[in-house]
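If you read the sequence shown in the numbering used here, its first letter stands for residue 728, the second for the next number, and so on. The structure appears right after this line, and notes come after that.
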Amino acid sequence: MAVIIDQTRPDQTRPDQNYAQNYPPLTHNQFNILDALISSGYVSDDLANTPDFNTLCNAGCISEGRITSRGYMALEPYRVKRAVFIAAGFGSRLVPVTLNTPKPLVRVKGKRILDGLLDAVLYAGIHEIYIVRGYLSEQFDQLLYKYPMIKFIENPSYNEANNISSAMCARYLLCNAYVLEADLLIHNPALIKRYNYASNFLGIKKERSDDWCFSANDEGIITSQTVGGLNCFQEVGISYWNDEDGRKLSEHIRLAWEMPGGKERYWDQIPFTVFPNEYRVEIRECREEDIIEIDTWRELKAIDKSYDVN
728 MAVIIDQTRP DQTRPDQNYA QNYPPLTHNQ FNILDALISS GYVSDDLANT
778 PDFNTLCNAG CISEGRITSR GYMALEPYRV KRAVFIAAGF GSRLVPVTLN
828 TPKPLVRVKG KRILDGLLDA VLYAGIHEIY IVRGYLSEQF DQLLYKYPMI
878 KFIENPSYNE ANNISSAMCA RYLLCNAYVL EADLLIHNPA LIKRYNYASN
928 FLGIKKERSD DWCFSANDEG IITSQTVGGL NCFQEVGISY WNDEDGRKLS
978 EHIRLAWEMP GGKERYWDQI PFTVFPNEYR VEIRECREED IIEIDTWREL
1028 KAIDKSYDVN
């Protein structure tokens, strides 16, 4: 009998862990089919008319066009375990508002920037949440009234090094984990998924970008990271790391930190420029309207007119 889980209650049912561990690994296409059934309730004709769809039906993972309890069990090894937020920086380009408030706690139209990300993470059923904090760290305590599950990680080097210092503090938590920059204003909470098949990084397709961006091959695998590019994917600071890559990152972050000039690096350079041959990370495309980073005081005033007091 099919079991349909209420999507407003992500943890209503959690499959038996032992059974899930013994379930045959899914192919990427099989994962996409089950994920589509969870996300939208249907699959495209391109996916439905494949041998993988029939295989899932024959295995009892799909019944009458719906995902079953066996389908959820098959997805269990791909469930995200935790979310790690990088939130230690000063946010100098958003002065003067960040002189007294960490950037993730700045309110946009009455709501803290970080709240949108936290709500999206919780809606996806991810309740193990860590925030790496540094600048005005005590102000993050206010989040506990609404989000009592948060655990804080202190970054004592936030003012002496780039955000690799935050990754150093949280490097043992990166397996099966989202890593999120805490200053992103999210408009599409569905960007945060309960299940991920492989390590991936969000990117916005651009004809031209002057920002950090990725190039990807025909398989959707990131092949390079640069500042500026043509026909590229502009980097969005949300990524997922599977168990294998999370373990590698833990060691590679330490090695990069100890290299000459290591403290000046950004943490996301490690898999793409420091150890580029050690990772196979997918690009996950999103749209400009899905999520934005408010970089400057001028941009903040354009989005929220209450700051434009001149």
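Even for Gly, the Cβ is constructed at its ideal location relative to N, Cα and C.
Quick check on residue i: does DSSP put it in helix, strand or coil?
i	result
Gly787	coil
Cys902	coil
Tyr746	Reliability fails at Tyr746, whose pLDDT of 47 lies under 50, so the model's placement of it is uncertain and no value is given.
Lys838	strand
Asp738	In this prediction, Asp738 has a pLDDT of 42, which is less than 50 and means its spatial position is unreliable; nothing more can be read from the coordinates.
Glu978	helix
Tyr922	strand
Leu844	helix
Glu908	strand
If you follow the beta strand (DSSP E) that residue i is in, where does it begin and where does it stop?
i	result
Gly955	Ile949 to Trp968
Trp994	Per DSSP, Trp994 belongs to no beta strand (DSSP E) and is neither H nor E.
Leu870	Leu870 -> no beta strand (DSSP E), and no H or E assigned at all.
Cys1010	One detail in the question is off: residue 1010 reads as Ile in this sequence, not Cys. It spans Glu1009 to Cys1013 - the beta strand (DSSP E) in which Ile1010 sits, taken as one unbroken run.
Between the beta-carbon of residue i and the beta-carbon of residue j, is there less than 8 Å?
i	j	result
Ile1018	Leu907	no
Ser926	Trp994	no
Gly930	Ile1010	yes
Ile840	Val807	no
Tyr805	Tyr905	no
Ile965	Leu900	no
Phe960	Lys933	yes
Asp980	Ala888	Correcting the residue identity first, residue 980 is Ile in this sequence and not Asp. For Ile980 and Ala888, no; Cβs fall outside 8 Å.
Ile856	Lys878	yes
Ile760	Leu774	yes
Tell me, which residues are paired with residue i by DSSP?
i	result
Val859	Ile813 and Ile880
Ile1018	Ile913
Ile794	Ile789
Over the uninterrupted alpha helix (DSSP H) stretch that includes residue i, give me the two end residues.
i	result
Gly930	Taken as a continuous stretch (DSSP letters only), Gly930 belongs to no alpha helix (DSSP H), being part of the beta strand (DSSP E) at Asn927 to Ala943.
Ala851	Here Ala851 belongs to no alpha helix (DSSP H), and DSSP marks it neither H nor E.
Lys830	Taken as a continuous stretch (DSSP letters only), Lys830 belongs to no alpha helix (DSSP H), as it is neither H nor E.
Ser766	His755 to Ser766
- prompt: Okay, do the region 858–872 and the region 814–828 touch, 3+ Cβ pairs below 8 Å being the bar?
  reply: yes
task: For the region 819–827 and the region 1016–1035, state whether three or more C-beta atom pairs, one from each stretch, are separated by less than 8 Å.
output: Taking a contact to require three or more Cβ pairs closer than 8 Å, the region 819–827 and the region 1016–1035 qualify as touching.
message: With a threshold of 8 Å, are at least 3 pairs of Cβ atoms found where one atom belongs to the region 941–954 and the other to the region 969–981?
response: Not touching, per the Cβ criterion.
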